[in-house]
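Student: With the UniProt record's numbering applied, the sequence shown covers 1 to 317. Glycine included, C-beta positions come from ideal geometry on N, C-alpha and C. One structure follows; several queries about it will come next.
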Amino acid sequence: MKPVEIWSAADEPQLKERLARRAEPVLLAGLVADWPAVQAGRQAPLAICDYLGRFDRGAEVMATKTRAAARGVMGYNDALTDFAFVKARMTLPEFMGHLAAYLPASHAPAIAAQCAKVGDVIPGFLDDNRLQALPGVVPNFWLGNALTVPVHHDHPHNLACVAAGRRRFTLFAPDQVGNLYIGPLEHTPSGAPISVVHPDAPDFERYPRYRDALAAALVADLGPGDALYIPPLWFHQVQALEKVNLLINYWWPVAVEKDLPAPAHALLQAIQVLNALPATQREAWAAMFGHYVVQREQDPAAHIPEAWHGVLARRQD
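Put into structure tokens, the structure is as follows:
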């Protein structure tokens with residue numbers, strides 16, 4: 001695996017545009033190092049919980065707890081018949097109480113309050129910890145101990161900021177999708193399809209192409225104050241490495257013209273329609289999609305007068 005490129009970028013409005021032009025992930029060293037949350041997280045493992053408690057408003061979070069056989073991974077069981085974790089709603093102080101109780105244990109269950117809305121649960125956090133690069137984007141927070149989220153991808157742009165603890169991201173380009181053994185598109189842990197390969201002990205006999213994915217992967221190790229930009233559709237595995245970790249992440253959408261469906265909806269509809277066709281027809285349509293949609297080799301409208309381009313008219317290059 002190769003390390004992700006590192007920038008020493010400043011938190012400024014121009015950063016959003018620079019990131020949106022990126023085709024690959026980039027690690028932004030120390031981007032949010034001056035946040036009070038980061039300073040609190042450096043003091044002691046549970047200091048970040050004391051800090052977050054200042055902003056608690058009694059809202060509930062969704063807490064995840066992995067089963068013993070999951071080995072700290074929020075994924076499927078080995079037989080692919082069920083999830084290897086359970087979920088429950090509780091208040092933030094209740095969850096932080098579990099986190100504190102597990103702190104001395106050497107083999108504690110992996111737990112996390114995942115994708116909790118900062119604006120709903122700890123709204124005052126935003127006043128203390130601002131990000132000029134993404135004004136108006138309300139982030140999510142991910143608080144927990146040493147837990148691994150298997151390979152998955154997001155549709156929006158993603159800026160992940162480590163406020164406490166350490167995280168390791170393993171990243172795969174979208175063209176590695178066939179090597180990642182992505183699970184069902186509907187029966188998912190939290191909406192995003194995930195790889196069925198166990199990240200800590202891959203079964204290469206069962207999933208041989210995963211070796212090729214790892215050979216092409218990028219890796220980024222983040223400490224307190226660091227941030228990672230992940231472009232849309234880049235697959236990533238996230239490992240929280242300490243007994244207390246806090247991640248703040250910002251998602252902002254890919255620009256899509258008004259009244260057009262989201263690309264993900266178009267993909268799902270294409271899957272449903274084309275899977276009903278015989279293999280020879282799927283191959284034929286693959287050629288059509290490659291020519292008209294992907295347009296990797298040529299512009300399908302280059303020989304047509306511009307006034308007649310219709311749906312082939314280029315919106316963006």
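In whole angstroms, what separates the C-alpha of D82 from that of Y76?
Tutor: As a first step, residue 82 must be located in the sequence shown, where it is residue number 82. As a first step, residue 76 must be located in the sequence shown, where it is residue number 76. Roughly 6 angstroms separates the two Cα atoms.
Student: Taking 6 angstroms as the limit between beta carbons, can you name the residues of its chain near V151, skipping five residues before and five after?
Tutor: Your numbering for residue 151 matches position 151 in the sequence shown. Excluding positions up to five away in sequence, the list reads L180, S195, F235, Q237.
Student: If we call anything under 8 angstroms between Cβ atoms a contact, is residue 324 one with T148?
Tutor: Not covered by the structure: residue 324. The range shown for the chain is 1 to 317.
Student: Within a Cβ cutoff of 8 angstroms, which residues of the same chain sit near P36, ignoring the five residues on either side of it in sequence?
Tutor: Here residue 36 is taken as the residue at index 36 of the sequence shown, counted from 1. Contacts found: Y51, D128, N129.
Student: Using the rule of at least 16 other Cβ atoms within 10 Å of the residue's Cβ for burial, across every protein chain shown, is G144 buried or exposed?
Tutor: Against the sequence shown, residue 144 aligns to sequence position 144. The residue is buried, with at least 16 neighbouring Cβ atoms inside 10 Å.
Student: Strictly by DSSP, which residues pair up with E5?
Tutor: One-based indexing of the sequence shown puts residue 5 at position 5. According to DSSP, E5 bridges with V26.
Student: Would you call the segment 130 to 138 and the segment 197 to 210 in contact, with 3 or more CB pairs under 8 angstroms?
Tutor: No, the segment 130 to 138 is not in contact with the segment 197 to 210.
Student: Quick check: the segment 223 to 231 against the segment 156 to 169, are at least 3 beta-carbon pairs closer than 8 angstroms?
Tutor: Yes, the segment 156 to 169 touches the segment 223 to 231.
Student: Applying the 10 Å Cβ sphere with the 16-neighbour rule, what's the burial state of Y102?
Tutor: Position 102 of the sequence shown, counted from the first residue, corresponds to residue 102. Classification for Y102: buried.
Student: Kindly list the residues whose CB is nearer than 7 angstroms to the CB of I6, restricted to its own chain and excluding five residues on each side of it in sequence; keep chain order.
Tutor: Taking the first residue of the sequence shown as position 1, residue 6 is located at position 6. The answer, listed in chain order, is L27, A29.
Student: Using the beta-carbon count (16 or more within 10 Å), is Q281 buried or exposed?
Tutor: Position 281 of the sequence shown, counting from 1, holds the residue named residue 281. By the 10 Å Cβ count, Q281 comes out exposed.
Student: Could you say if the segment 247 to 260 and the segment 181 to 189 meet the contact criterion of at least three C-beta pairs nearer than 8 angstroms?
Tutor: Short answer: they don't touch.
Student: Tell me the DSSP bridge mates of V73?
Tutor: The residue given as residue 73 occupies position 73 in the sequence shown. Beta-bridge pairing links V73 to T148.
Student: Where M62 and Q43 are concerned, what is the direct C-alpha to C-alpha distance, given to the nearest angstrom?
Tutor: Translated into positions along the sequence shown, residue 62 becomes position 62. Translated into positions along the sequence shown, residue 43 becomes position 43. Cα to Cα, the separation comes out at about 26 angstroms.
Student: What residue range is occupied by the uninterrupted beta strand (DSSP E) comprising Y51?
Tutor: Within the sequence shown, numbered from 1, the residue matching residue 51 stands at position 51. No beta strand (DSSP E) contains Y51, which is instead part of the alpha helix (DSSP H) from 47 to 53.
Student: Let me make sure I understand the geometry here. Which of E242, Q114, M1, A69 has the alpha-carbon closest to that of A88?
Tutor: By 1-based counting over the sequence shown, the position of residue 88 is 88. The candidate whose alpha carbon is nearest that of A88 is Q114.
Student: Strictly by DSSP, which residues pair up with K16?
Tutor: If you number the sequence shown from 1, residue 16 lands on position 16. For K16, which the question treats as bridged, DSSP gives no partner whatsoever.
Student: Relative to the C-alpha of A192, which residue among E12, Q269, M74 is closest?
Tutor: Counted from its first residue, the sequence shown places residue 192 at position 192. Minimum Cα distance to A192 is reached at M74.
Student: Could you check what DSSP says for W308 in three-state terms: helix, strand or coil?
Tutor: The residue labelled residue 308 in the question sits at position 308 within the sequence shown. Helix at W308.
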